[in-house]
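Everything on this sheet refers to the single structure shown next.
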Amino acid sequence: MAQFKKIYSEYKHKVYFFVRKYVQRDEDVEDIMQDIFVHVWKHMHKTTDSSAIEAIIFKTSKQEVANFYRKNKMVLISSGQNEIPDTEDEILEEAFMEEQISKIEALLDKLPEKTKELFIQHKIEKLSYSHLAKENKISKVAIGKHINKAISFLKINLH
Numbered sequence: 001m002a003q004f005k006k007i008y009s010e011y012k013h014k015v016y017f018f019v020r021k022y023v024q025r026d027e028d029v030e031d032i033m034q035d036i037f038v039h040v041w042k043h044m045h046k047t048t049d050s051s052a053i054e055a056i057i058f059k060t061s062k063q064e065v066a067n068f069y070r071k072n073k074m075v076l077i078s079s080g081q082n083e084i085p086d087t088e089d090e091i092l093e094e095a096f097m098e099e100q101i102s103k104i105e106a107l108l109d110k111l112p113e114k115t116k117e118l119f120i121q122h123k124i125e126k127l128s129y130s131h132l133a134k135e136n137k138i139s140k141v142a143i144g145k146h147i148n149k150a151i152s153f154l155k156i157n158l159h
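For the sequence shown, the UniProt record's numbering gives the first residue as 1, with consecutive numbering after it.
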């Protein structure tokens, strides 16, 4: 159980962002993530190698996204952004993107909790300044300052 918790906490955000690239509705993303981690739970005893576990997670992620589209009789749009990579160059690019996401997550963890939370809610969950201001009982200007602080911090530290 401890091993699974470690795997889950290490990969939940990476898997979320990966699935979110292909699936728009949060409810669907959460369902797919649940299926992915159930699969990982069932098969994690087969290896202790962390790179093998990562490979299992992302192969399962690709399969579950494909299953979602098949189940809902949808077609993946090949706009470059929504296709599942299969060539070596695409896989390398995907690995680079995953590395960048990891860096961003690590940097976000260095921000004050409120700033991090507001940034994620605005940029990832697409909540408006007005909504966040009402929800947190602070002004839209204060929300903007939190968001801009996070963006500036990421810009400075990502290079």
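All residues carry an ideal CB built from backbone N, CA and C; glycine is no exception.
Buried/exposed call for residue 119, threshold 16 Cβ in 10 Å = buried
Taking three-plus beta-carbon pairs below 8 Å as touching, is the segment 16–35 in contact with the segment 55–65?
-> yes
With distances taken between CB atoms, is the gap from residue 101 to residue 53 smaller than 8 Å?
-> no
At which residue ranges does the UniProt domain "RNA polymerase sigma-70 region 2" (7–73) contain complete alpha helix (DSSP H) runs of 4 or more residues, listed in the order of the chain?
-> 26–43, 50–71
Rank 132, 14, 115 by C-alpha distance to the C-alpha of residue 152 and give the top, closest one.
-> 115
Just to confirm, are residue 29 and residue 16 a CB contact at a threshold of 8 Å?
-> yes
Do you know how far the Cα of residue 69 is from the Cα of residue 39?
-> 18 Å
Collapsed DSSP secondary structure at residue 1 in the structure displayed | coil
Between the Cα of residue 154 and those of 107, 58, 93, spot the shortest distance and give me the residue it belongs to.
-> 107
Check each candidate in 1, 4, 9 and name the one with the smallest Cα separation from residue 105.
-> 9
Is it true that the CB of residue 143 sits closer than 8 Å to the CB of residue 150?
-> no
Close beta carbons around residue 140, own chain, < 7 Å, minus the five adjacent residues each side | 129, 130, 133
Let me know the secondary structure DSSP gives residue 116 once reduced to three states.
-> helix
Are residue 41 and residue 4 touching if we call contact CB-CB under 8 Å?
-> yes
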